[in-house]
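Q: Everything in the sequence shown is counted per our numbering, starting at 10 for the first residue and increasing by one.
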Amino acid sequence: MSHSWDPDRYLAYADERGRPFVDLLARVHAERPHVVVDLGCGPGNLTALLADRWAGAQVTGIDSSPEMIAAAREIDGIAWEVADLRDWARPDPLALRAPVDVLVSNATLQWLPDHLALLPSLVDRVAPGGWFAFQVPGNFGEPSHTIRTDIAERAPFAEHVRDVAVPASHEPADYLRLLLDLGCEVDAWETTYLHVLAGPDPVFDWVSGTGARPTLQALPDDLRPLFEEEFRALLRDAYPADAAGRVVMPFRRIFVVARKGADVGVTA
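1) If we require 4 or more residues per run, which alpha helix (DSSP H) segments fall completely within the region 161-187?
2) Could you compute how far the alpha carbon of valine 175 sits from the alpha carbon of leucine 235?
3) Looking at the unbroken beta strand (DSSP E) that takes in aspartate 110, where does it start and where does it end?
4) Are there 16 or more other CB atoms within 10 angstroms of the CB of threonine 201, so buried, or fewer, so exposed?
5) Going by the CB atoms, is the gap between valine 135 and valine 109 shorter than 8 Å?
6) When you compare the CB positions of glutamate 25 and histidine 204, do they come within less than 8 Å of one another, or not?
7) Of the choices Asp61, Leu94, Arg268 and Ile84, whose alpha-carbon is the least far from that of isoleucine 71?
8) Tell me whether the beta-carbon of leucine 206 lies closer than 8 Å to the beta-carbon of tryptophan 215.
9) Please report the distance separating the alpha-carbon of phenylalanine 240 from that of arginine 157.
10) What residues in its chain sit with their C-beta under 7 Å from that of isoleucine 84, if we drop five residues either side in the sequence?
11) Check glycine 70 in the structure and name its three-state DSSP category.
12) Within a Cβ cutoff of 6 Å, which residues of the same chain sit near valine 44, ignoring the five residues on either side of it in sequence?
13) Taking one C-beta from the region 177-190 and one from the region 245-255 each time, how about it: are there three or more such pairs within less than 8 Å?
14) State the DSSP-derived secondary structure class of isoleucine 78, mapped to helix, strand or coil.
15) Is it buried or exposed for leucine 131, if we count other Cβ within 10 angstroms and need 16 for buried?
16) Rounded to the nearest angstrom, what separates valine 256 and arginine 99 at their Cα positions?
17) Between which two residues does the alpha helix (DSSP H) harbouring phenylalanine 149 extend?
18) Starting from the Cα of alanine 35, find the closest Cα among Asn148, Val212, Gly150 and Phe141 and give me that residue.
19) Alpha carbons only, please: which of Arg245, Trp198 and Leu189 is nearest the one belonging to lysine 269?
20) Please report the straight-line C-alpha distance between valine 31 and leucine 244, rounded to a whole angstrom.
Structure, rendered in structure tokens:
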């Protein structure tokens with residue numbers, strides 16, 4: 010079931026969503042890459058950091074959302090493409106595409122149920138000695154996700170949302186072992202950020218722009234307000250505001266930075 014993304018809603022927490030990208034990039038030690046690609050670039054605000062850091066590189070941002078790419082095209086100096094990263098990762102039989110020196114994917118792979126099996130193809134697109142870095146959420150056991158799942162499994166909602174996209178990820182060690190077996194040097198770690206949010210329903214505002222958005226979009230207009238009302242109420246209970254109106258939302262993130270072996274080739 011398809012869904013669309015709202016760049017403005019996504020950017021409501023741009024600083025909080027951007028910090029993991031910056032932390033990930035800090036461990037990528039490429040000096041003068043020629044080709045840099047951001048898979049799942051969203052509205053492009055973070056891709057712009059790649060162009061700033063590596064000013065001489067050809068930087069491309071790729072996202073499957075036309076809405077996100079339309080917003081990204083407001084940023085000059087970067088090539089933007091609407092594409093599915095699974096298609097991008099497929100081998101190029103004519104070898105027309107240059108190997109990538111730095112391949113980055115920020116909070117995107119969790120939307121692909123088969124992304125663990127996709128990693129070899131992504132590494133294959135990286136030049137020998139190049140870098141592959143990605144970050145995925147690791148908070149899917151938190152109330153921000155489990156509450157949505159619990160409500161979605163009940164009538165009258167279940168029949169409308171059973172086929173929607175639901176994000177998921179693996180443990181850091183799973184990614185590390187797979188990439189080591191592919192001949193990469195790997196640095197994998199996790200961080201739990203404590204986001205301090207404000208407003209009437211800040212956790213709902215956060216998840217409705219990302220993980221819960223496909224579910225909310227799949228609901229018919231007459232059921233969506235009922236779902237949202239219950240979702241908001243349960244999130245308020247799970248993430249109570251303090252006396253000053255602040256809500257603390259823990260958010261675990263999983264990071265992986267891999268450098269491809271200099272003697273590992275690129276398959277055409």
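Glycine is no exception: its CB is placed at the ideal position from the N, C-alpha and C atoms. If you're wondering where the values come from, they're calculated on a predicted model, not measured in any experiment.
A: Based on what the coordinates show:
1) 167-170
2) 20 Å
3) 109-115
4) exposed
5) yes
6) yes
7) Leu94
8) yes
9) 7 Å
10) Gly53 and Ala57
11) strand
12) Gln67, Ala107, Val109 and Asp110
13) no
14) helix
15) buried
16) 43 Å
17) Counting along the chain, phenylalanine 149 falls outside any alpha helix (DSSP H), and DSSP gives it neither H nor E.
18) Phe141
19) Leu189
20) 28 Å
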